Amino acid sequence: MRYLIKGGVWKNSEDEILKAAVMKYGLNQWSRISSLLARKSAKQCKQRWYEWLDPQIIKTEWNREEDEKLLHLSRIFPNQWRTIAPIVGRTPTQCVERYDKLLDEAQGKNKFDPNDPRKLKPGEIDPNPESKPARPDPLHMDEDEKEMIAEARVRLANTKGKKAKRLAREKLIEESRRLAQLQKRRELRAAGIEFGRKKVKGIDYNAEVPFERQVPDYVYQTDQKETPKPDVKYQTMTFNQVEGRMRDEQERKFKEIDKKRMKKLMENDMEKIAEKLQKEAEKLFKNKTKLTLPQPQMQDSDLELLGKMNQNQDVSEVSNNATKALVGNYSQREVAQTPIRTPMAPNSILREAQHAIALQQTQTPLLGSVGPDNQVYDNWEHLKGLKPKPSVIPQTPNFLKQNLATGGESVRGDKLSSATPSVFGTTPLRDNFKINNSDAWDDASSVSGSVGINEQKLNKLKQKQHETRIKDEIFKLPQPKNQFQIEIPEFEEEEKIEENKIDQEELEQQRLLELEKEELKKIRLRSLAIQRNLPRPQKIPNTVYEHIYSSENINESRKQAEMLLESEMVNLLAFDSQNFPFQGQKSLNFEVQLENYEENELSKASKLIQKEMENIKNELNHGNINKDFIQQKWEDEQKNLVFSKSEGQIVDLRKASKNDEIKVLQEQATNKRNILQMEQKQLEELEKKNTLLLGGYKKVIYDNLKQIMQQIEDQYNIMITKNVYSELKMQESSSILPRLDEIRQFYAQLEMKQVNLQNKYQELIQEKSDLLEEPGYFD
């Protein structure tokens, strides 16, 4: 008998059939898809799709970032390629192959090695053909392949109709599967093995309707007014609803809405829009910061010094002996070595692959072996975490700055060619005079080592030796032939005044502060009534102190002073009513101009008024006046002052006649009655609203209260029952012992009686058997 094993290399025709089947049946019906391919199973079809044919699979070359991520994740999740693959963005097979390739490159193996055990030898079957390219179809196919292609073409092209052939085939397959399962269960039952049915996870598409919504048992009452709500899932949708609005279009709409809103605000409330613009400007200024640039690596003085160091100072060979003795030959200067290019970054991928190989080759610590060299992973600090961090790119060294720092010396070995102790700094270049010879310092250091003197004496000794050596070198110089005198011209040092350029933002802040100060100053210059937001009169009286003019006891100077004070008060009231009216108050028809006073003049005037008030208090013996006294006086006066609607002014009841007083009180009673009626109506409306709003809550509270009372009653009954049963338990526990003793005695008597009866029964049986055995008993 020939066994047909499904699998093997995939062909182009099979790939095309698989693609068409996936387009028709989707990614869940792999059994139906595999029925189109005679040589492939459902698992192989699924693996072929997810390993090779899926359009989302990346088949391009691996880049450096992916390699680093793969090597890093292989250490975190060893051999968990299905976990690593979606993070890297490749398939698990691609990750395994790339990982092996990186390890081979790190070990320096030849990829064309014929002895590689992972390569297939002649006659071997590929264990994973689903991740390999398809084999081209032969010109002359087998009959079964042609039949498979024809059947697939017919089944995939048949999008309408009953599909009788497919249904019959599926029915036959289902029947054969059922018979096989029945035979299997019978054989297992005959062998004594019982098993239950396997619980199907998810939805059984053959046994039930997927995502079925059961119709409820109760019946809906429908009428002509009721209209069913449309289902949002099956509504027609436009392209904009699916894709969403474009950002430009959305911003344009928002700008139009803002323009309309600003236009409306500017028409209705200009002050509000001005405050809004000011707040936005403040936010804008607060968010802005000064432009701070980093300090330059080299200043102008450093560049000038570098130019002097690199300048070629040629000295003429034809000169006198004195010049030759003083000046050395600097024509051949040692040129510093400059780096050719930027240092190459380390190969982190190769280093990580070497470390992975070392980990694989590590033996067990029980044998006493040493672990892998951790120096391979020393520079991988950027690979901490789930994903590797970007490595730092090496920068090109600044040779000019390095040359300046080393004093222009070229670095040939481990040390500089001219270096002195760190106490006095770096020796100047081209020191042919030997002024800074290090022998003197070595001698001094030897002295300090042999003789135990402190550091201060050592410094003095060094300085003295240094001065002595300089003097000796100067005395060795030849006598001068000519004398020169240099006069340095005196220049007046011009003080450089650095003008700090003020930023526009700071200017704007200063301007806002000045405006705020001016506004506060204007508020302080206003009258105290405006500052305290006190009410202003609706009508400006012509005279205030009329009783003073009619009085004959007051002299003329007093009258003139009071008249001046009255005119100033009337003007001030008119000015406040005109410039600071209440909402809804009509402005005056005439303009009032007041004299402008400075703030210090107003403060002096207020001090004089305070002083005069103190004098008046002392004269009238009202020194103990406080807020309570003023409040009491105000309330007393307020009781006697009543507004008369008929006269249109405030009337003093103490000076009014009795008829006027009665009229005023009647008006007050009428006003209060009207107010009471209005408040009664408002109260009724509020009660209605309250009943509508809180009626349901009251009902719920009442029901809850009934439930609580019922629960309290039930709890009380339960407590009574509990107490009854606890008392019964105590009584039973006290009477159970005598009853147990009675039962035990009765049981012992029964046992003794049963033993006696058993003995008697045995004796009778023995007697019967003896009688039966006697001869002549039956005669």
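Just so you know, we're using the UniProt record's numbering here: the sequence shown kicks off at 1 and counts up by one. Cβ coordinates follow ideal geometry from the N, Cα and C atoms, glycine included. Every value quoted in this text rests on a predicted model; they were computed, and no experiment measured them.
Assigned secondary structure, residue i (DSSP; H/G/I helix, E/B strand, else coil)
i: Gln313; result: Legend: pLDDT at Gln313 = 46, less than 50; position of this residue unreliable, value from coordinates given subsequently. Of the three classes helix, strand and coil, the one that applies to Gln313 here is coil, per DSSP.
i: Val651; result: strand
i: Arg153; result: helix
i: Lys69; result: helix
i: Arg351; result: helix
i: Arg197; result: coil
i: Arg177; result: helix
i: Lys11; result: strand
i: Arg252; result: helix
i: Arg135; result: strand
i: Met266; result: helix
i: Tyr99; result: helix
i: Thr93; result: helix
i: Thr238; result: coil
i: Arg247; result: helix
i: residue 862; result: Only positions 1 to 779 of the chain appear in this structure, which leaves residue 862 out of reach.
i: Phe629; result: helix
i: Pro129; result: helix
i: Arg333; result: Low confidence applies here, because Arg333 scores a pLDDT of 47, under 50, leaving its location unreliable; read the following figure in that light. Residue state, collapsed to three classes: coil.
i: Arg186; result: helix
i: Phe148; result: Correcting the residue identity first, residue 148 is Met in this sequence and not Phe. Correct three-state label for Met148: helix.
Reference residue i, options the options, closest by Cα
i: Pro78; options: Val96, Gly89, Cys45, Tyr702; result: Val96
i: Ile650; options: Leu641, Val700, Ile662; result: Leu641
i: Arg82; options: Thr91, Ala168, Ser733; result: Thr91
i: Met148; options: Pro480, Glu684, Gln465, Asp15; result: Asp15
i: Gln504; options: Lys604, Ile712, Gln715, Ala281; result: Ala281
i: Gln593; options: Ser577, Leu265, Lys43; result: Ser577
i: Ala42; options: Val22, Gln56, Thr60; result: Val22
i: Arg39; options: Lys24, Leu27, Ser13, Gln638; result: Ser13
i: Gln278; options: Ser301, Lys264, Leu515, Lys729; result: Leu515
Run of the beta strand (DSSP E) containing residue i, from where it starts to where it stops
i: Ser644; result: 641-644
Pairwise C-alpha distance: residue j and residue i
i: Leu182; j: Phe195; result: 13 Å
i: Arg511; j: Lys521; result: 15 Å
i: Glu566; j: Leu573; result: 11 Å
i: Arg189; j: Pro738; result: 60 Å
i: Ala180; j: Arg197; result: 15 Å
i: Gly202; j: Gln29; result: 15 Å
i: Glu687; j: Arg673; result: 21 Å
i: Arg558; j: Leu564; result: 10 Å
i: Ala656; j: Met569; result: 27 Å
i: Lys464; j: Glu506; result: 58 Å
i: Pro581; j: Asp248; result: 48 Å
i: Asn303; j: Ile502; result: Reading the sequence as shown, one finds Leu at residue 303 and not Asn. Each residue's alpha carbon lies about 30 Å from the other.
i: Arg744; j: Arg185; result: 58 Å
i: Glu598; j: Gln250; result: 56 Å
i: Pro138; j: Arg351; result: 47 Å
i: Leu534; j: Lys689; result: 37 Å
i: Arg64; j: Phe112; result: 23 Å
i: Leu18; j: Ala150; result: 14 Å
i: Glu518; j: Thr238; result: 59 Å
i: Glu591; j: Asn600; result: 27 Å
i: Leu73; j: Trp49; result: 25 Å
i: Trp62; j: Trp52; result: 16 Å
i: Gly425; j: His466; result: Low confidence applies here, because Gly425 scores a pLDDT of 43, under 50, leaving its location unreliable and the question unanswered by this model.
i: Ile58; j: Glu124; result: 29 Å
i: Tyr377; j: Asn110; result: In this prediction, Tyr377 scores a pLDDT of 45, lower than 50, which makes its location untrustworthy; no coordinate-derived value is stated.
i: Ile765; j: Leu772; result: 11 Å
Residue i - containing alpha helix (DSSP H), residue span
i: Ile662; result: 658-773
i: Ser31; result: 30-34
i: His466; result: 455-475
i: Glu556; result: 556-579
i: Val209; result: Val209 -> no alpha helix (DSSP H), and no H or E assigned at all.
i: Leu520; result: 504-525
i: Asn615; result: 599-619
i: Gln531; result: 528-531
i: Val88; result: 81-88
Every unbroken alpha helix (DSSP H) within the segment 19-63, with a cutoff of 4 residues, ordered by chain:
Within the segment 19-63, the complete alpha helix (DSSP H) segments at least 4 residues long are 30-34, 42-48, listed from N- to C-terminus.
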